[in-house]
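Colleague:
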Amino acid sequence: MMDAMLEPYRHAFAPLIDLAVLRIVIGGADVGSHLAHHPRVSHVHITGSARTHDVVVFGTGADGVRRKAAGDPLLDKPIASWKCPAAVANSSTRPPGTRTHHSPALSAQHHL
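The UniProt record's numbering puts the first residue of the sequence shown at 1, with every later residue one more than the last.
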């Protein structure tokens with residue numbers, strides 16, 4: 001889904017990208033985790049799956065599972081995370097009348 005949105009995002013956020021205050025990066029949980037934990041990154045905003053969120057915030061493997069259960073995040077900086085359910089991510093393939101069903105959920109998640 002992100003690949004299809006890259007150009008619209010670049011266009012919409014061009015002023016911030018031109019000022020070098022925003023960079024849009026595409027990659028999996030490994031890329032996101034590396035960047036989120038980089039010392040020059042002061043704040044993290046994640047859009048993606050719950051799995052990506054958990055890997056970035058809590059880490060991987062048994063240690064990540066333990067950290068999540070204990071509420072002990074590995075990430076020690078401010079984070080905003082919007083986890084998009086697969087049904088919403090794939091809504092472009094749904095019949096036109098069914099797409100608005102997810103709007104209240106999207107709105108609520110966006111403001112969390």
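Backbone N, C-alpha and C define an ideal beta-carbon position, used for all residues, glycine too.
1) Use the C-beta contact count for R30: other C-beta atoms within 10 angstroms, 16 or more gives buried, fewer gives exposed.
2) Please return the same chain residues whose Cβ sits closer than 7 angstroms to the Cβ of F58, not counting the five positions on each side in sequence.
3) Sort L22, A14, A80, I24 by Cα distance to A50 and report the nearest one.
4) Quick one, are the C-beta atoms of P78 and H34 less than 7 angstroms apart?
5) Measure the Cβ-Cβ separation of V56 and A36 and say whether it is below 7 angstroms.
6) Measuring CB to CB, does F13 end up less than 7 angstroms from L22?
7) Does DSSP put D18 in a helix, a strand or coil?
8) Just how far apart, CA to CA, sit A62 and H53?
Modeller: With the given structure in hand:
1) The amino acid at residue 30 is misidentified as Arg; the sequence shows Asp. Burial call: exposed.
2) Around F58: G64, R67, K68, P73, L74.
3) A80
4) no
5) Cβ atoms of V56 and A36: closer than 7 angstroms.
6) Yes.
7) Collapsing the DSSP output to three states places D18 in a helix.
8) 16 angstroms
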